[in-house]
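Visitor:
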Ligand code: NIG
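In this note's numbering, the protein residues as written are 4 to 387.
1. Quick one: does the C-beta of residue 229 sit closer than 7 Å to a heavy atom of the ligand NIG?
2. So is the beta-carbon of residue 217 under 7 Å away from any non-hydrogen atom of the ligand NIG?
3. Taking residue 32 and residue 49 to be in contact with their CB atoms under 8 Å, please state how far apart those CB atoms are, rounded to whole angstroms.
4. Going by DSSP, which residues form a beta bridge with residue 164?
5. Mind checking whether residue 320 and residue 373 have CB atoms under 8 Å apart?
6. Can you name, in chain order, every residue of its own chain whose Cβ lies under 6 Å from the Cβ of residue 133, other than the five neighbours on each side?
7. Does at least one heavy atom of the ligand NIG sit under 7 Å from the Cβ of residue 360?
8. Helix, strand or coil, according to DSSP, for residue 216 in the structure here?
9. Just to confirm, are residue 218 and residue 254 a CB contact at a threshold of 8 Å?
10. Is there contact between the stretch 99-108 and the stretch 136-145, where contact requires at least three CB pairs shorter than 8 Å?
11. What span of residues does the beta strand (DSSP E) with residue 228 cover, start to end?
12. Cα separation between residue 312 and residue 269?
13. Three-state secondary structure (DSSP) at residue 3?
14. Just to confirm, are residue 286 and residue 295 a CB contact at a threshold of 8 Å?
15. Compare the C-alpha of residue 40 against each of 7, 21, 72, 159 and name the closest.
16. Run through DSSP, which three-state label would residue 235 get?
17. In this structure, does DSSP put residue 355 in helix, strand or coil?
18. Of all the beta strand (DSSP E) runs that stay within the bounds of the stretch 30-118, which reach a length of 3 or more residues?
19. So, residue 353 versus residue 17, is the Cβ gap smaller than 8 Å?
20. Beta carbon of residue 137: closer than 7 Å to some heavy atom of the ligand NIG?
21. Just to check, is the beta-carbon of residue 115 closer than 7 Å to a non-hydrogen atom of the ligand NIG?
22. Measure the CB-CB distance between residue 25 and residue 332 and report whether it falls below 8 Å.
23. Quick one: using the 10 Å Cβ neighbour count with 16 as the cut-off for buried, is residue 85 buried or exposed?
24. Within the continuous alpha helix (DSSP H) that includes residue 156, where are the two ends?
25. Going by the beta-carbon positions, is the gap between residue 75 and residue 304 smaller than 8 Å?
26. Residue ranges of each alpha helix (DSSP H) run of no fewer than 4 residues wholly in the stretch 247-332, ordered along the chain?
27. For residue 365, which option in 15, 79, 5 has the closest C-alpha, if you only look at C-alpha atoms?
28. Touching or not, the stretch 190-197 and the stretch 228-244, by the rule of three or more beta carbon pairs under 8 Å?
29. Buried or exposed for residue 438, going by 16 or more other Cβ atoms inside 10 Å?
30. Tell me which same chain residues have a C-beta within less than 7 Å of the C-beta of residue 104, skipping the five on either side of it?
31. Indicate, with yes or no, if the ligand NIG has a heavy atom lying under 7 Å from the CB of residue 313.
32. Just the Cα atoms here: how many angstroms apart are residue 12 and residue 67?
33. Going by alpha carbons, who is nearest to residue 244 out of 200, 284, 207?
34. I think residue 241 touches residue 212, with their Cβ atoms under 8 Å apart; what is that distance to the nearest whole Å?
35. Could you check the C-alpha separation between residue 357 and residue 4 for me, to the nearest Å?
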């Protein structure tokens, strides 16, 4: 059934063939069918379109590409709100809290995890997210990581294996043995269900050498790779990850000038996660510095129970604009096209002819309202 949205106040296409990379059309219309964009243009051009099956008047509201949330840890059980409360009173975030969620997740049944995940994915959709990446990482045994990958795969095509999230209690003192498990039997078990592999390279998690081994093993299987790097401090992690050809470096709260130059000279995306900096009381990274250096920047929620429990991409956009030096259009591009580049999916994050018809109609005349009205869910309709 062909659908034509008409009388759109502002259509953000991210289609560079429209003049710049944002491809914003005022007084616009867009047509789609079977989940694919067929045509986009001005509302007056739409009058010359052939017959369509369904016409919808957007009454001057804005339409944007659905958000691409390219970094979440959505499959977990348990609650860590008291950790958040302690942080707000001055306690520092540490990777050690992950163990609390590992215990709760291992104890939950498949049906409990499935129900929790379904609820979170529904919440994300209601906030305008039409593509979501989900990481494993709260199982940390072959059996539990395979289980989390299997359940996550019921909800998204973009499942990422994060066996190297933290060394589980039963392997403390035998860290290298755990790395051997991750790069061998665990990766074997999850590989059919995942499209990418991630590693948490930080004090209290995994060393640069350990992460290098796991990224190499992932690449040898043809999987995409990502890294959690420079979240809590500086290290050689960014340089190592770029040498290993990662698709994205995520967090980047503490980047040296050399890191920024290396990122700018690479094909990798730097995924900023402002929800984590908010919730762990860390400094916000300077996105302006990155953009001006030529780094490709994505924005994602990092939804997880420890460092960032939100599925709101609009919240991340608002922080990026208010605190990190991005313009509203840069932030929206990063939350859509940036995420698509991180996931390597060329049919999402934009509304060009042939793209997936993942559209969000806002209760607002333009995209600026996403940052201008923080804390509001401006999503009126989601088509996906
Ligand atoms: O990206 N850094 C590692 N993983 C998450 C935090 C997970 C947790 O604390 O449970 C993050 O911030």
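Backbone N, C-alpha and C define an ideal beta-carbon position, used for all residues, glycine too.
Guide: On the basis of the data shown:
1. Closer than 7 Å to some heavy atom of the ligand NIG: that does not describe the Cβ of residue 229.
2. Checking the Cβ of residue 217 against the ligand NIG gives no.
3. Going by Cβ atoms, the distance from residue 32 to residue 49 rounds to 4 Å, so yes, they are a contact pair.
4. Bridge partners of residue 164: 200.
5. Their beta carbons are under 8 Å apart, which means residue 320 touches residue 373 by this criterion.
6. Same-chain partners within the cutoff: 69, 361, 387.
7. Incorrect: residue 360 has no Cβ contact closer than 7 Å to the ligand NIG.
8. Helix, per DSSP.
9. No.
10. Touching, per the Cβ criterion.
11. Annotation: the continuous beta strand (DSSP E) that includes residue 228 extends over 227-232.
12. Between residue 312 and residue 269, the C-alpha separation is close to 31 Å.
13. Outside the displayed span of the chain (4 to 387) sits residue 3, for which this structure offers no information.
14. A distance of 8 Å or more separates the beta carbons of residue 286 and residue 295.
15. When each option's Cα is compared against that of residue 40, the closest is 7.
16. Looking at residue 235 - three-state DSSP - the assignment turns out to be coil, as it is neither helix nor strand.
17. In the structure shown, the three-state DSSP call for residue 355 is coil.
18. Listed in chain order, they are 39-45, 57-60, 65-68, 70-72.
19. For residue 353 and residue 17, yes; Cβs fall inside 8 Å.
20. Incorrect: residue 137 has no Cβ contact closer than 7 Å to the ligand NIG.
21. Every heavy atom of the ligand NIG is 7 Å or more from the Cβ of residue 115, so no.
22. Yes; because the gap between Cβ atoms is below 8 Å, this pair is in contact.
23. Answer is exposed; the Cβ neighbour count stays below 16.
24. Here the alpha helix (DSSP H) through residue 156 covers 145-156.
25. With respect to the 8 Å criterion, residue 75 and residue 304 are classified as neighbours on the basis of their beta carbons.
26. Within the stretch 247-332, the alpha helix (DSSP H) runs of at least 4 residues that lie entirely inside it are, in chain order, 260-267, 277-282, 290-296, 316-326.
27. Nearest C-alpha to residue 365 among 15, 79, 5: 15.
28. A contact is defined here as three or more CB-CB pairs under 8 Å, and the stretch 190-197 fails this definition with respect to the stretch 228-244.
29. Nothing about residue 438 can be reported from this structure: the residues present for the chain run from 4 to 387 only.
30. Within the same chain, and ignoring the five residues on either side of residue 104 in sequence, the residues whose Cβ sits closer than 7 Å to its Cβ are 79, 81, 83, 141, 308, 309.
31. No, the Cβ of residue 313 stays beyond 7 Å of every heavy atom of the ligand NIG.
32. When rounded, the distance between both Cα atoms is 11 Å.
33. Closest option to residue 244, Cα to Cα, is 200.
34. About 15 Å separates the Cβ atoms of residue 241 and residue 212, ruling out a contact at the 8 Å cut-off.
35. Linking residue 357 to residue 4 through their CA atoms gives a straight-line distance of about 16 Å.
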